[in-house]
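Number of protein chains: 2
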Amino acid sequence: MGRRRIYHRLVTPEEALKVIENHIRLAPLGVESLKLREAVGRVLAEDVRAVIDVPPFDRSTVDGYAVRAEDTYVAEEYSPVTLRLVGRVEVGEAPRVGVGRGECVEVATGAPIPPGANAVVMVEYAEEAGDKVLIYRKARVGEHVSHAGSDALRGEILAWRGTRLTPELIGALAAAGVKEVKVYRQPVVAIIATGNELLEPGRNYVEWRIYDADTYLISAALAELSCKPLVMGICRDDEEAIRERVDEGLRRADVVLVTGGTSAGMGDLVYRVLDVYDPGVLVHGLKLRPGKPTVVAASGEKLIFGLPGFPLSCYMTFTLLVKPVLARLAGLPLKMLERARVRATLAVRIAGAPGYRRLVPVLLRLGRRGLVAYPVGGDSGSIHRLSASDGFVEVPEGLEQVLEGEEVEVTLFRDRLELPDLTVIGSHCPALEKLLTRLGARYRVRCLNVGSLAGLRAVIAGAADAAGIHLYDEREDTYNLPYLRSVRGAVLVRGYVRRQGLIVARGNPHNISSMRDVIEKRLRMVNRVKGSGTRALVDKLIGDALRELGLEWGDVEIPGYSFEARTHNGVALAVLRGLADVGVGIEYVARLYGLDFVYIKDEVYDFVVSKEAMDKESVKGFLRLLHSQWFRHLLSEMPGYEPLPDTGQVIYVSDD
Amino acid sequence: MGRRRIYHRLVTPEEALKVIENHIRLAPLGVESLKLREAVGRVLAEDVRAVIDVPPFDRSTVDGYAVRAEDTYVAEEYSPVTLRLVGRVEVGEAPRVGVGRGECVEVATGAPIPPGANAVVMVEYAEEAGDKVLIYRKARVGEHVSHAGSDALRGEILAWRGTRLTPELIGALAAAGVKEVKVYRQPVVAIIATGNELLEPGRNYVEWRIYDADTYLISAALAELSCKPLVMGICRDDEEAIRERVDEGLRRADVVLVTGGTSAGMGDLVYRVLDVYDPGVLVHGLKLRPGKPTVVAASGEKLIFGLPGFPLSCYMTFTLLVKPVLARLAGLPLKMLERARVRATLAVRIAGAPGYRRLVPVLLRLGRRGLVAYPVGGDSGSIHRLSASDGFVEVPEGLEQVLEGEEVEVTLFRDRLELPDLTVIGSHCPALEKLLTRLGARYRVRCLNVGSLAGLRAVIAGAADAAGIHLYDEREDTYNLPYLRSVRGAVLVRGYVRRQGLIVARGNPHNISSMRDVIEKRLRMVNRVKGSGTRALVDKLIGDALRELGLEWGDVEIPGYSFEARTHNGVALAVLRGLADVGVGIEYVARLYGLDFVYIKDEVYDFVVSKEAMDKESVKGFLRLLHSQWFRHLLSEMPGYEPLPDTGQVIYVSDD
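Chains as they are written, first to last, in the numbering used here: chain A, 1 to 656; chain B, 657 to 1312.
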């Protein structure tokens, strides 16, 4: 274990930032001149002054007639004044005619005011008759005249240093004759992914390897931050190779990010590489879960971050630690550092991590009583936790847990919360997937497969609009309805029948006909996740088989019982690849993968729908599709599926 | 007036949208395949499925030792189990060793689980001793093992059609082996600016012309909207020329925007051009101020918008009408159409526009009691209304006014509100500008010149942190303090002395020595905006002079009295350019422009500061600088300025 290194004192991200500030000046890296049109989104490094007066000359703000106001003082609605029309001033040209006593000149919006005139009468209050104009309303001196420089004066400051250039500001500066602006230079950030296991996305898959997601994740996030990513590719887990790559990064970039290789298990490769620089490692380890194995180092004035390799861990430390640093180097307004937050009700209890601040990715749904946060499960290697989350909840270091129903603060991954129209959290089903794909043409859908029981709970807690469930109740020997009786605020909508049984290899080589065979022959199974409707069936089948054999749970090891697939497809794939001899699942996926199927029983797959969501457009669309002839036909075409007479109908409504 | 055309029935932007929907299918224009990394921010046109299982193999989620869980069942903290270390599995490689009874294998985070093992013991609970490992904790079956496909399964849908590709999603899809994605094509939007008066920004100024701000404004806004701008340049006000340009736009783009030339005063040029297409003009005129002269037309399935030329009017109709259309053509989530809104307290009364929905640009400031909205003044040609505003308030068609103190809803120009650190609204002063420029190194500053009285009101209403004021009180023959006595929540901070007088041409050709000369000689003056401290002085000087001459207001016309410059510089420039013979202003700007100056009196320029803002960092920095030796020195160097013994000190605190 000599290669493994104990972490120095772990610090919070805020403490890490202070340490960095003590070594490095976190200020804009420089200034560059840009043509105005290229500068949208950039931050001004100087006060910008108007180059010309705006407007550059006295002009009319309306269509009408330029007059001497004093000539109109007696004009009234029923007693107009008559003025002589002596000409017209063209927009964009010098006025070639003046306005004398009793005269007027036609002007369009934006046209120069001719000499002698001091007001404009709107066309609505005038009537042209040959070379005369009747004026039906008295004009005030200066009325509808915009004086030269009255909006902005040559030399006047229009935008101050530190301001981000919005489209509106770009437009205003263009009008004021500004051609170029000085803005802060964008920091160049080198990204080096380390790990012998890494494959570049886009290349064909090679066994025992994983795709490098971090480079994509971070370079996409950098673009949002007004930084330039410098993708340096994948580097082997080799001290010399990483050192060379970091050296190159330091030459070509302002900040270097190294992902992976930070854990003690890698012999703390990155730590050792980075500690060679001067001043070397500043921070080693964060009080964060995920995100602990983070290294901050510096070479002279340039920062090097070693971020954990798992995408979620990498992204969390990037968000909490690297982003604030880069924002300051980019000269972005301090406000950028305050990440957008929303308050939400927690749908499911989350545990803390003693000694660490725990970061829990959540998805959000807007219910009747506000936002509800649902923790997206999985380990720190999980990509679902990234792809299905809107932000994260921070559980402070000292807190043991946060209970469901408590209000939490959710830090959003981006400023704008773009919630889907329909959130479905529940049991996985290929027929449901087909239905949602069709619904996706009209509504934005989000679907998370977590099993029946968790789905039911998500709907009750307000985290989902609907859940597919297939929960067997032994006492009543029926599906789903008994589970609805004890809950509130939910509606049960009739789904369809799915044939369930044992999925075995083609030709059924072990000649399996029941769960009893599986136990007796000590075959390897693949299980389903806890809380799934199928898991309940698996446990019932094993329990029944044990009873038949006169055995009890624990008397015998069932190989593969802990191998929990998340979906029916997962079960079929495990059997297809020979990782398991048998699994419990639906006939449809067995056929899909060309496997054999031993029928056990029909199950009923229904939908729990949030009562408060029944009048949402997306939910109505969902129910319409469920009830449609198109869907009945689809079910009858899918092997192992059957519609029911009342498919798509509400069969139970709980109390509020 | 024959060329002028009466507007068809005016409609609201919402009605206009309905009309458009009845003619054109507002749906995505097409689909394109992109490499994953190029697709950030784009909208998925298909459901995206995992290409490989994630993780692709059973792997360890921690650094530790792969074991058979059953071998560890008796392990305890003070009574470890000893296992034989039979090897190590490298990350990224096939496991070359299996785990038998009583054996273990070293694994790092992410390494494959070797055959035979079904759990991992974390390194923290193990101790290596030669070829043995002591295990101090019992492992559960499956502990710290992430099973192949447990996160995502090959073929499983990871993101649904209509989803915007965030960095997190890009990362997740990369991990799942996705190489390319189908996204909706970005609409190409042609921008044609019409008007003989238009000059391209960047070119040298030509008299009687204005810079084309609309093209810059709209093309910058299009980029934010996932649309591609096609800049087609400036077109003369000529029916044939515009027609040709629109034809080209229709060939090369999906939507054509024509700015300018929509007002009746232009002979409704754009209306006439667009009505030739089939089906031609769909909407002519919006119930909007600004924004009325808007034309919507179509040629086949392609939309053509004629937008008013004044930048603010152009931007408002773009925001309310064009943006929602483009968002749908781009396939952006429906949520994009809901513009971000905030609630704020209105600082100053705003009037409605009978028969129109009025749009009033406002700046926002966050005070103790929430956001305060301050209407930025000016006409619809004003660029300040664009550059200094954060969003706008809509005054409904039927409403006569909204009073100060009422709560209003502000539609933000963008999702993220980036408020400045310090908001100064008040009287213009070159010394203040120099001070704020220096302060801009540390804080984001916004400064709006509206005059002393409006500035005082803005501070009281919570719309500004501070205001420079120089308000003379005749009764007490003193500056500023008397005005503070009747207000609440404000602090008066001592500023400095400015020498005031008449600004006249070099050599004083009209031999002006007093305002009486101006009136007697019927000279042309330039005035200052109402509510400015100088305007009060102007009116007092004229009043005194009239009394001396035995005259009253209205007895005599004072040429140029209605020509209201917004700043001292404006006064000086008007004199410099011969637009006026005389104006009232400070010595500093007279000297700056090489003009002559007739001293009248010293004035005291102080600062009103919001009491609640006194502990804001930016305000403290402002006051520190005001009190600094640097600033005293600056004042003593500026002609016509003088510091006071108590410059920078609080001289009065009002009640709360």
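Glycine included, each C-beta is placed from N, C-alpha and C at the ideal position.
Report task. For the alpha helix (DSSP H) holding R438 of chain A, just list the boundary residues, first then last. Result -> P430 to L439
Query raised in the report: When the Cα atoms are used, what is the spatial distance from I848 of chain B to Y971 of chain B?
Result: 14 angstroms
Query - W1229 of chain B burial status per 10 Å Cβ neighbour count (16 or more: buried) - result: The displayed chain sequence assigns Leu, not Trp, to residue 1229 of chain B. Looking at its Cβ environment, which holds 16 or more other Cβ atoms inside 10 Å, L1229 of chain B is buried.
Query raised in the report: Counting contacts by CB-CB distance shorter than 7 angstroms, is L158 of chain A in contact with chain B?
Result: yes
Report task. List the residues of chain A whose Cβ lies closer than 7 angstroms to the Cβ of V696 of chain B, in chain order. Result -> A220 and A223
Query raised in the report: Given that Y971 of chain B touches chain A, what residues does it touch there, using C-beta distances under 9 angstroms?
Result: P167, E168 and G171
Query raised in the report: Leaving out the 5 sequence neighbours to the left and right, which residues in its chain are closer than 7 angstroms to A718 of chain B when beta-carbon positions are compared?
Result: At residue 718 of chain B the sequence reads Val, which differs from the Ala that was named. T765, V776, M778 and H800, listed in sequence order.
Query raised in the report: Count the other CB atoms within 10 Å of the CB of D646 of chain A; is the residue buried (16 or more) or exposed (fewer)?
Result: exposed
Query raised in the report: Are there three or more Cβ pairs, one per stretch, closer than 8 angstroms when the region 1164–1173 of chain B is compared with the region 1196–1206 of chain B?
Result: yes
Report task. Taking the CB atoms as reference points, tell me whether L484 of chain A and L492 of chain A lie closer together than 7 angstroms. Result -> yes
Requested in this report: Would you identify the three-state DSSP class for R659 of chain B, choosing helix, strand or coil?
Outcome: Confidence is the limiting factor: at R659 of chain B the pLDDT is only 34, short of 50, which leaves the residue's position unreliable and the question unanswerable from this model.
Query raised in the report: Are there 16 or more other CB atoms within 10 angstroms of the CB of R901 of chain B, so buried, or fewer, so exposed?
Result: buried
Requested in this report: Tell me whether G916 of chain B sits in a helix, a strand or coil according to DSSP, three-state version.
Outcome: coil
**Report entry** Per-residue contacts from A832 of chain B into chain A (C-beta, under 8 angstroms)
**Finding:** Y211 and I383
Query - Neighbouring residues, chain A, relative to K943 of chain B (Cβ below 9 angstroms) - result: Per Cβ cutoff of 9 angstroms: no residues; K943 of chain B is ~16 angstroms from chain A at best.
**Report entry** Closer than 7 angstroms to chain C by CB, A750 of chain B
**Finding:** The structure shown has no chain C; the protein chains it does contain are A and B.
Query raised in the report: Residues in its own chain within less than 8 angstroms of V1393 of chain B by CB, not counting five upstream and five downstream?
Result: Past the boundaries of the shown model lies residue 1393 of chain B; chain B is included only from 657 to 1312, so the question cannot be answered.
Query raised in the report: Which chain B residues sit within Cβ distance under 9 angstroms of D151 of chain A?
Result: G1034, D1035, G1037, S1038, I1039, H1040, R1041 and R1222
**Report entry** Sub-7 angstroms separation of D1071 of chain B and A996 of chain B beta-carbons
**Finding:** yes
Requested in this report: Any chance you could list the alpha helix (DSSP H) runs of at least 4 consecutive residues sitting entirely within the region 1092–1125 of chain B, in chain order?
Outcome: 1108–1116
Query raised in the report: Does any residue of chain B bring its CB to less than 7 angstroms from the CB of N204 of chain A?
Result: no
**Report entry** Nearest candidate by alpha-carbon position, reference E671 of chain B, set B:F1287, B:G941, B:A831 and B:I1168
**Finding:** B:G941
Query raised in the report: Can you find a CB in chain A that lies within less than 7 angstroms of the CB of E1060 of chain B?
Result: no
Query - Closer than 9 angstroms at the beta carbon, the chain B residues around L36 of chain A - result: P857, G858 and Y872
Report task. Tell me whether L307 of chain A sits in a helix, a strand or coil according to DSSP, three-state version. Result -> strand
Query raised in the report: Hey, would you say L1078 of chain B sits closer than 7 angstroms to S1274 of chain B, going by beta carbons?
Result: yes
Query raised in the report: Candidates B:R740, B:S806 and B:V761: which alpha carbon is nearest S382 of chain A's?
Result: B:S806
**Report entry** Beta carbon proximity, N852 of chain B to chain A, threshold 7 angstroms
**Finding:** yes
**Report entry** Contacts of T819 of chain B in chain A (Cβ-Cβ under 7 angstroms)
**Finding:** R444
Requested in this report: Mind the definition here: the region 952–962 of chain B touches the region 883–897 of chain B only if three or more C-beta pairs lie below 8 angstroms; say whether that holds.
Outcome: no
**Report entry** Secondary structure, beta strand (DSSP E): runs of 3+ residues fully inside the region 516–570 of chain A
**Finding:** 525–528
Requested in this report: Please say whether G962 of chain B and G1023 of chain B have beta carbons closer to each other than 7 angstroms?
Outcome: no
Query raised in the report: Short check: CB of G1216 of chain B to CB of V1227 of chain B, under 7 angstroms?
Result: no
Query raised in the report: Can you tell which of A:P55, A:Y65 and A:A126 has the C-alpha that lies nearest to the C-alpha of E76 of chain A?
Result: A:A126
**Report entry** First through last residue of the alpha helix (DSSP H) which encompasses G827 of chain B
**Finding:** P823 to A831
Query raised in the report: At a CB-CB cut-off below 8 angstroms, which residues of chain B make contact with I651 of chain A?
Result: Per Cβ cutoff of 8 angstroms: no residues; I651 of chain A is ~28 angstroms from chain B at best.
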